[in-house]
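See structure below.
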Amino acid sequence: MSDEDREYPNNVDIGGFVCTVCIFISSITVSLFLDISHNIEGIV
């Protein structure tokens, strides 16, 4: 039982970390996409 109790918080911490990274990457991806779209419109 102690092993399971010990693993649970770690899984939650890892999940929160992954969530934060996903949001961070998504923000960068959206910013880059908007910049590229703007540049393409400028070229055209």
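So for the sequence shown, the numbering used here puts the first residue at 25; every next one is plus one.
All residues carry an ideal CB built from backbone N, CA and C; glycine is no exception.
{"Check": "Contacting residues, own chain, Cβ-Cβ under 8 angstroms from I64 (five flanking each side not counted)", "Outcome": "none"}
{"Check": "Euclidean distance between Cα positions of V45 and G66", "Outcome": "31 angstroms"}
{"Check": "Rounded C-alpha distance that separates I38 from L56", "Outcome": "27 angstroms"}
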